[in-house]
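If you're matching positions, the sequence shown starts at 1248 in my numbering and goes up one per residue.
Backbone N, C-alpha and C fix where the C-beta goes; we use that ideal spot for every residue, glycine too.
Here the structure is a predicted model, which means the values were calculated and not measured.
Data first, discussion second: the structure below is written as structure tokens.
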Amino acid sequence: MQQLSFKIDKSASGRFTSSVQTSSRGSLTEIAIGNDSAIQPLQFLPILAQCNANQRWLMWLSPHQRVNKRWLESVGLQHTPVIHIDLCEDTQYALSTKILAAGNSHMIMEWQGNLSDSQREAIRQHAIDSGSQVILLRRG
């Protein structure tokens, strides 16, 4: 989500001038997907690309899946830097918070196992602080 603030001033010549300042505020969106669902995590990359006015990397953290370059081209992401990282349950929290702390990407994360309330809140806060949009997918 991008927030806009407008400022209108009357100049010495009597004309009005305006300026627009933009600031990005990060967020966490959590989505539950059924185990038998046809929805795949990769399908959310175009959504993140729409949030990408500030040209961040798009990170995709999931277990055992690869990015299909033809598919990226078909949805218009051929010029957007997309990085896939193979995720394992033991390191997913530390890895996700480290990526968010860098503040240079939006992220899709296919979460494995349990997610505690404190972990969820920490990820949300890291997303807000870094201006990152995070889509956290949970299967179940």
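Quiz item: Within 10 angstroms of its Cβ, does S1379 collect 16 or more other Cβ (buried), or is it exposed?
Solution: Burial state of S1379 is buried, judged by a 10 Å Cβ sphere holding 16 or more other Cβ atoms.
Exercise. With distances taken Cα to Cα, identify the nearest neighbour of V1322 among L1362, R1367, Q1297 and S1352.
Key: The option with the nearest alpha carbon to V1322 is Q1297.
Quiz item: Of all the alpha helix (DSSP H) runs that stay within the bounds of the stretch 1265-1338, which reach a length of 4 or more residues?
Solution: Given a length threshold of 4 residues, each whole run of the alpha helix (DSSP H) inside the stretch 1265-1338 is given here in chain order: 1292-1297 and 1316-1321.
Exercise. Within 10 angstroms of the Cβ of Q1287, are there 16 or more other Cβ atoms? Answer buried if so, exposed if not.
Key: Q1287 is exposed by the Cβ-count criterion.
Quiz prompt | Alpha carbon of T1269 to alpha carbon of L1342, nearest angstrom | solution = Low confidence applies to T1269: its pLDDT is 40, below 50, so where it sits in the model is not reliable enough to give any reading.
Self-check item: Buried or exposed by the 16-neighbour rule on C-beta atoms within 10 Å, applied to Q1325
Solution: Exposed: under 16 other Cβ atoms inside 10 Å.
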